[in-house]
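Asker: So in the numbering used here, spot 70 of the sequence shown is number 1038, and the numbers just go up one at a time.
Structure provided below as structure tokens; questions to follow.
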Amino acid sequence: MSKTVLTYEQMYVLSKGLKYVPTPSSLNVIDIITNSEKSLFNVPKIIKQAAFAEISTYVTKWKKPEHNNLSKEERLALKQIKCNPTITVVTADKGGKVVVMDRDTYVLQIEEHLKNRNIYENVKDPTNLIKSKISKLTNRLFKNGKISEFNKFDFTSIDNLPY
969 MSKTVLTYEQ
979 MYVLSKGLKY
989 VPTPSSLNVI
999 DIITNSEKSL
1009 FNVPKIIKQA
1019 AFAEISTYVT
1029 KWKKPEHNNL
1039 SKEERLALKQ
1049 IKCNPTITVV
1059 TADKGGKVVV
1069 MDRDTYVLQI
1079 EEHLKNRNIY
1089 ENVKDPTNLI
1099 KSKISKLTNR
1109 LFKNGKISEF
1119 NKFDFTSIDN
1129 LPY
């Protein structure tokens, strides 16, 4: 479905399927920590500490695998596919096969699909309304002496919004 001609190695790598996971050559510790902090945002402190202890143990004990499950040519082919801005790789609607599409065509199909008002409807972003309600409530609680100024600031701070 794409005008792009793929090499044999690229076709071979894609034939492994989208659930195929290449052996990692290194760990991106910054990504691991960032993703962990985001996912543990509203978790009790004791669980968060236990999770970070496990993650720390994993990162320090991790060793580069002895054997790669991709050859250098296959790894290069995968990188070329990932870096090609004109194509996108998706799963077929039926059969679970891998389909390579021109990105422009894919975006047009998605936009057409989203315009179908029998399936989708436009929703309004409720963030400002929620922030306004929280602000009014915290101001009232602060004026009535139920919360401190620090709590009022903490509850209305933009930093406390979930990701």
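No residue lacks a Cβ here, since even glycine has one placed at the ideal position from N, Cα and C.
Just so you know, these numbers come straight off a predicted model, no measurement behind them.
1) Would you be able to state if there are at least three C-beta pairs under 8 Å between the segment 1025-1032 and the segment 987-999?
2) Is it buried or exposed, L1082, if we count other Cβ atoms within 10 angstroms and call 16 or more buried?
3) Would you please state the rounded distance, in angstroms, between the beta carbons of I971 and D1070? I believe it to be under 8 Å.
4) Skipping 5 residues on each side, what residues in its chain have a beta carbon closer than 7 Å to that of L1008?
5) So the alpha helix (DSSP H) I1055 belongs to, where does it begin and stop?
6) According to DSSP, simplified to helix, strand and coil, what is D1070?
7) In this structure, does DSSP put T948 in helix, strand or coil?
8) Does the pairing of the segment 969-985 with the segment 1039-1052 give three or more beta-carbon distances under 8 Å?
9) Does the Cβ of I964 have 16 or more other Cβ atoms within 10 Å, making it buried, or fewer, making it exposed?
10) According to DSSP, is S1007 part of a helix, a strand, or is it coil?
11) Taking D1122 as part of the alpha helix (DSSP H), name the residues at either end of that continuous run.
12) Which residues in the same chain as L1046 place their Cβ atom closer than 6 Å to its Cβ, once the five residues preceding and following it in sequence are excluded?
13) With C-beta atoms as the reference, is F1123 less than 7 Å away from T1106?
14) Alpha carbon to alpha carbon, what distance is there between F1110 and S1117?
Answerer: By the coordinates alone:
1) Taking 8 Å as the limit for Cβ pairs, the verdict is that the segment 1025-1032 does touch the segment 987-999.
2) What you label residue 1082 is simply residue 114 of the sequence shown in a count that begins at 1. So L1082 counts as exposed.
3) The residue you call residue 971 lines up with position 3 of the sequence shown. The residue you call residue 1070 lines up with position 102 of the sequence shown. Checking the sequence shown, residue 971 turns out to be Lys, not Ile. K971 to D1070, Cβ: 6 Å. Contact.
4) By one-based count along the sequence shown, residue 1008 stands at place 40. If we look at L1008 and ignore the five residues flanking it on each side, its Cβ neighbours are K1016, A1019.
5) Along the sequence shown, read from residue 1 onward, the residue named residue 1055 stands at position 87. Element bounds for I1055: not the alpha helix (DSSP H) but the beta strand (DSSP E), 1055-1059.
6) For the purposes of this step, residue 1070 is taken as the residue at position 102 of the sequence shown. Note: D1070 maps to strand in three-state DSSP.
7) Here the chain covers residues 969 to 1131 and nothing more, so residue 948 does not appear.
8) Touching, yes.
9) One cannot answer for residue 964 here, as it falls past the ends of the chain, which runs 969 to 1131.
10) Stepping through the sequence shown from its first residue, residue 1007 is reached at position 39. Under the three-state reduction of DSSP, S1007 is assigned to helix.
11) Sequence index remark: in the sequence shown, residue 1122 carries index 154 (1-based). For D1122, the uninterrupted alpha helix (DSSP H) segment begins and ends at 1117-1124.
12) Stepping through the sequence shown from its first residue, residue 1046 is reached at position 78. Its chain contains V981 as the residues whose beta carbon lies nearer than 6 Å to that of L1046, once the 5 sequence neighbours on both sides are disregarded; these appear in chain order.
13) The residue given as residue 1123 occupies position 155 in the sequence shown. The residue given as residue 1106 occupies position 138 in the sequence shown. Contact: yes.
14) Within the sequence shown, the letter at position 149 stands for residue 1117. Within the sequence shown, the letter at position 142 stands for residue 1110. Sequence check: residue 1117 is Glu here, not Ser. E1117 and F1110: Cα-Cα distance of roughly 7 Å.
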